[in-house]
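Take a look at the structure below.
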Amino acid sequence: MPISRRQFVSTAAGAGIASVAAPRLTFAQNSGPIRIGLLAAKTGPLASGGIDMELALTMFLKERDNTLAGRKVELIVADTAGVPATARTKAQELIEKNNIHCVIGPLAAFEALAIADYLTEKEVPTLGVAAAEDMTQRHPSPWFVRLTSTSAQCAYPLAEYSAKELKYKKIVTIADDFAYGHEMCAGFQRAFEDNGGKIIQKIFTPLATPDYGSYVAQVKSADAIFLGTAGSNGFRFLRQFIEYGMKDKMAVIGGMTALDESVLRNMGDEALGILTTSWYSAELDNAANKVFAPAFRKQFKYDPGYYAGSTYLSGQVLEAALTTTKGNVEDKKALMTAIRGSNADTVRGLVKFDDLGNVIGNVYIRKVTRSDGRLVNSVIKTYPDVTQFWTYDKTAFLKNPVYSRDYPPAKYLEP
Amino acid sequence: MKWIAAVLFAAMLVLLPSVAGDFYVNLASQILIAAIFALSLNLLVGFGGMTSLGHASFLGVAAYISALLTSRYGFAHGPAAIVSIAGTTAMAAVFGVIALRASGLGFLMITLALSQVLWGLAYRMSNVTNGDNGIAGLTRPMPFGISLDSAASFYWFALAVASVSFLMMTTFVSSAFGSSLKGVRDQPRRMAALGFNPWMIRWITFIYAGFWGGVSGLLYVYYNKYIHPTSLSTTSSAEALLGVIAGGSGTLSGPAVGAALVLLLKNYASAYVERWNMLLGLVFLFIVLVMPTGIVPGLSKLLNLRRGSR
Amino acid sequence: MQFWIIQGLNSLSLGGLLFLLASGFSLIFGLMRLANLTHGAFFMLGTYFGATAMRANSDLSIWTVAVSAGVAVAAIGGLFERLVLTRLKTNPLGQVLVTLGMSFIISDACLALWGGDSIPVPTPQNLQAPTRLFGFVFPTYRLVLVGCAITAAITLYLLLERTRLGAMIRAGVDDAQMARAVGIPVANLFTIVFCLGAGIAGAGGVLGGPILSAYPGLDADMLPLALIVVILGGIGSLLGAFIGSFIVGFIYTFGTALFPELAYIILFLPMILVLALRPQGLLGRLGA
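First to last, the protein sequences are chains L, A and X.
Read the first sequence against our numbering and you will find it ends at 420, with the numbers running on by one and no gaps.
Read the second sequence against our numbering and you will find it ends at 317, with the numbers running on by one and no gaps.
Read the third sequence against our numbering and you will find it ends at 292, with the numbers running on by one and no gaps.
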């Protein structure tokens with residue numbers, strides 16, 4: 006099963022080498038290929054997501070015969086290794102050496118923040134994946150749009166759902182101790198408490214935590230626990246949580262990466278029934294996803310999730326924009342305007358952008374169920390056109406400090 | 008003969024931006040920064056016999072101090088640089104007192120532990136350091152009103168600093184003090200019997216290495232205009248150590264060559280080789296097996312052999 | 005009360021896990037004076053072997069898998085020792101470089117082979133139900149893990165103290181020159197001990213798998229822990245590694261629970277203290 010994926014990676018890499026090594030002639034404007042740079046962490050702890058990002062984007066382009074809006078497309082993938090300084094060097098490589106026309110990625114907030122100023126300075130249209138709130142709030146860039154979600158954007162609907170429909174009163178949150186976790190839990194807390202609930206405990210675990218036993222044992226009694234985790238850490242916490250028999254005592258709900266398809270494919274029945282929220286699910290019933298998800302599953306033998314979805318989605322938005330500009334990528338301003346106004350119908354549904362460059366789109370509440378023998382995130386409720394400000398007033402929102410470990414303050418913590 | 012080669016090499020370095028594209032000039036700037044960092048670590052590893060796995064502390068702390076002072080407290084670059092280097096050097100003095108309690112593996116571990124504590128603080132004290140988001144939006148200084156924003160101007164700036172640091176570190180190790188340092192490395196008991204104070208010699212070296220580590224940290228943060236806790240991590244300390252050993256510890260130019268090798272493998276070869284981490288590992292294995300004392304001593308031996316046979 | 009008991013049990017189980025990780029490291033360092041920085045990668049390799057074997061055939065018992073993975077990793081370690089390390093006896097910096105290089109190779113190979121996902125090692129069927137004690141529950145497997153560590157410790161003790169091989173190893177640890185002089189084949193001994201250390205790490209990787217899972221970066225997460233344990237306990241001492249493991253287990257578990265602010269540095273502060281005050285470690289016989 007993993008073999009097919011590996012073979013694919015190596016052939017894709019081979020193709021990449023060939024295309025980079027081939028002598029490149031200088032073309033006049035509006036001719037020659039469109040060069041897209043993908044920044045993805047293909048090695049290091051974030052590799053799971055980075056590899057899926059490359060697979061999905063490569064698949065997207067292959068489906069279109071490497072042609073968008075009538076022009077050939079050349080994809081150059083750079084491995085950021087999940088390290089900010091490397092991300093910067095790789096961004097420079099893409100721009101100064103490969104002369105790319107636009108950037109997709111990178112995945113982690115700290116990678117995106119390390120290169121944000123540089124990309125703005127070089128005026129490179131960027132289709133972002135990372136969730137750091139301020140990139141589209143207090144420090145937006147005219148050259149940056151985000152197609153996925155801010156850290157908290159998907160958490161708000163679940164918070165409301167928990168309070169209003171599930172009638173939860175008390176919730177414990179747990180997340181990795183870094184900005185993504187802080188921001189997501191802060192947003193969840195705000196919306197949940199505005200709907201009458203109480204966050205009674207917030208646990209943040211260091212990134213390199215060998216054993217979650219000590220944290221599981223600290224969890225206070227509540228209606229549910231909210232997982233604001235990503236990748237292997239959340240997966241390991243959840244397994245321990247279940248081993249301690251805690252899942253019988255309280256419900257488990259999760260943010261947009263907690264039970265991503267990349268986590269689910271390594272879980273068993275213990276995951277059944279868990280509710281999570283995201284802007285995507287491989288089970289989504291829309292025209293674009295009905296093409297994408299089965300094709301991806303057929304090729305790689307597992308379901309696409311957050312990361313695969315993010316780059317496929319980027320491809321679709323870019324395609325829509327290029328259709329507007331008739332394949333012109335040299336006029337970067339026009340391209341950026343076209344991206345912002347693309348209104349593309351994508352695998353996550355209709356995608357629009359607000360004036361800060363952040364996506365306005367559907368957010369889905371999903372439940373882990375079994376279908377055809379595998380675990381899937383089946384959609385149980387759709388919150389249409391969720392913005393990064395949720396129901397809050399934009400001006401007031403932006404006057405507040407950015408979400409953090411301590412903001413907004415948690416008023417109902419139990420000692 | 009040697010002089011001509013040296014002049015040619017210097018001319019090549021200075022003229023690089025006129026022949027190479029921005030990407031390569033930037034790569035060269037990064038190599039210069041890594042080289043200063045590796046040279047300062049080599050004072051400990053090569054000349055002092057103290058293998059440190061926490062040298063990134065100095066790079067990271069200098070970078071953080073400068074970043075915080077300029078972005079948050081409105082310092083100009085000049086005063087910020089002075090405070091940052093002074094602070095880093097003072098920290099090296101304190102760390103030296105703690106770390107020099109042990110030697111060998113103990114020294115390695117204590118330097119590792121100290122740097123891990125700093126790394127943890129940088130992550131955890133997010134109200135000061137901005138935690139995992141790092142500090143972005145930094146600027147480069149304008150020495151004598153010259154902007155360093157272009158790739159070439161920054162490269163020349165880094166080249167100037169690197170030349171000074173190379174000169175000063177060379178002077179340090181070839182001075183009388185440097186000889187006593189090597190003496191302490193090889194024959195600590197005899198040196199003590201001769202009336203030297205081995206501890207003091209090691210401590211001063213530790214501080215001096217911390218000072219230059221801080222200088223490389225300043226250049227690092229100027230170059231990247233961003234600082235993140237990973238710069239303090241064991242990985243960045245280990246990479247520098249690998250460069251020092253691969254290039255040839257205890258030689259003057261070895262660590263610079265080793266640092267360049269590591270940087271090129273990581274940042275350049277990785278564009279062409281999917282499994283660049285494995286390549287990095289294999290290269291290290293190869294170097295140690297073929298040139299056990301490092302690239303520079305290995306190559307010069309090879310050259311001498313060929314000259315001898317002619 | 006329940007808090008103290010549960011966290012106490014957690015400390016014990018983490019301590020057990022750490023002993024399985026660190027004992028091999030300590031053994032290798034004791035005899036060969038080699039800080040084997042590949043040790044974390046050997047451990048991770050064991051976890052991946054375990055995850056793969058048990059996914060392919062869910063009937064396999066974790067004990068069989070642990071032993072086989074131990075043997076496989078020992079073989080890899082042996083090859084590495086014979087082909088590379090033996091050539092570097094007089095070059096300690098070179099040894100540091102190759103063990104780090106080898107760990108890069110192994111972890112990148114794991115990424116290439118197994119991808120970036122976390123892969124679980126299933127908890128044995130008959131140990132999945134939590135144990136109920138005095139009205140609270142605790143995962144049974146964690147308790148068993150403590151037993152594993154104690155068994156491993158006793159076995160290693162008997163091997164070192166009661167066998168001819170053990171006597172030779174002890175002689176080598178005390179004075180390798182002298183051992184060579186009295187005709188002990190020290191070179192072979194090095195290989196055997198390196199295999200043994202790597203094998204324990206590989207088997208420990210499988211046994212730790214149900215708690216840790218296999219994921220890229222496991223090696224880098226575990227290596228510092230091994231170092232901390234042997235530094236605290238004293239390098240090259242089996243008893244030191246044993247006690248060090250449980251001390252670290254307790255400090256970590258209670259430290260993170262009682263002082264969450266200090267979670268990042270909770271393990272390094274005591275290490276700095278110990279190194280600064282007693283550089284040979286709590287029970288170390290040798291100067292580090």
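Glycine included, C-beta positions come from ideal geometry on N, C-alpha and C.
- By the CB criterion at 8 Å, residue 256 (chain A) and residue 52 (chain A) fall inside the cutoff.
- Inclusion of residue 247 (chain L) and residue 176 (chain L) in the CB contact set at 8 Å is not warranted, their separation being larger than that value.
- Contact between the stretch 87-94 of chain L and the stretch 11-18 of chain A is absent, with fewer than three C-beta pairs closer than 8 Å.
- Annotation: Cβ neighbours of residue 261 (chain X) in chain L (cutoff 9 Å, chain order): 219, 220, 222, 223.
- Chain L has no Cβ within less than 8 Å of the Cβ of residue 70 (chain A).
- Contacts with chain L at 8 Å (Cβ-Cβ) do not include residue 27 (chain A).
- Ranked by Cα distance from residue 296 (chain L), the options L:214, L:321, L:336 are led by L:321.
- Interface residue (Cβ-Cβ distance to chain L less than 8 Å): residue 41 (chain A) is not classified as such.
- Closer than 8 Å to the CB of residue 268 (chain X) there is at least one CB belonging to chain A.
- Contact annotation: in the stretch 202-213 of chain X, no residue has its CB less than 7 Å from a CB in chain L.
- A direct Cα-Cα distance of roughly 4 Å separates residue 261 (chain A) from residue 254 (chain A).
- Not flagged as an interface residue toward chain A: residue 158 (chain X), since no C-beta distance is shorter than 8 Å.
- At a cut-off of 8 Å between beta carbons, residue 262 (chain L) makes no contact with chain A.
- Judged by their CB atoms, residue 210 (chain A) and residue 103 (chain A) are nearer to each other than the 8 Å cut-off.
- Residue 229 (chain L) sits in a strand when the DSSP states are folded into three classes.
- Chain L places no beta carbon closer than 8 Å to that of residue 286 (chain X), leaving this residue out of the contacts.
- Burial is judged here by how many other beta carbons sit within 10 angstroms of a residue's own beta carbon; residue 189 (chain X) has fewer than 16 and is exposed.
- In this structure, the straight-line span from the alpha carbon of residue 227 (chain A) to that of residue 70 (chain A) is close to 7 Å.
- Chain-order list of chain L residues neighbouring residue 141 (chain X): 249, 250, by C-beta distance under 8 Å.
- For the stretch 85-97 of chain L, the set of positions with a beta-carbon nearer than 8 Å to some beta-carbon of chain A reads 86, 88, 89, 90, 91, 93, 94, 95, 97 in chain order.
- Excluding sequence positions up to five before and after residue 115 (chain L), its CB lies within less than 6 Å of the CB of 89, all in the same chain and listed in chain order.
- Cβ-Cβ separation between residue 279 (chain L) and residue 163 (chain L): approximately 12 Å, too far for a contact (criterion under 8 Å).
- Secondary structure in the stretch 29-92 of chain L: the alpha helix (DSSP H) runs of 4 residues or longer, each lying completely within the stretch, are 52-68 in chain order.
- Closest in alpha carbon position to residue 135 (chain L), among L:179, L:388, L:149, is L:149.
- Apart from sequence neighbours up to five positions away, the residues of its chain that approach residue 270 (chain X) with a beta-carbon distance below 8 Å are 255, 256, 259, 260, 263, ordered along the chain.
- The residues 310, 311, in chain order, have a CB closer than 6 Å to that of residue 265 (chain L) in the same chain once the five nearest residues on each side in sequence are set aside.
- For residue 190 (chain L), the enclosing alpha helix (DSSP H) has its first and last residue at 184-199.
- Per the C-alpha coordinates, the member of X:228, X:47, X:30 positioned closest to residue 209 (chain X) is X:47.
- Proximity to residue 67 (chain A) across A:238, A:290, A:152 peaks at A:238, based on C-alpha coordinates.
- Residue 175 (chain L) is bridged by DSSP to L:203.
- Less than 8 Å divides the Cβ of residue 251 (chain L) from the Cβ of residue 224 (chain L).
- Neighbours of residue 240 (chain L) in chain X, taken as residues whose beta carbon is under 9 Å from its own, are 121, 122, 124, 217, 219 in chain order.
- With its beta carbon at least 8 Å from every one in chain L, residue 64 (chain X) lies outside the interface.
- For residue 389 (chain L), the three-state secondary structure derived from DSSP is strand.
- Counting only the Cα atoms, residue 232 (chain A) lies some 45 Å from residue 87 (chain X).
- Out of X:286, X:77, X:68, the CA that lies nearest to the CA of residue 50 (chain X) is found in X:77.
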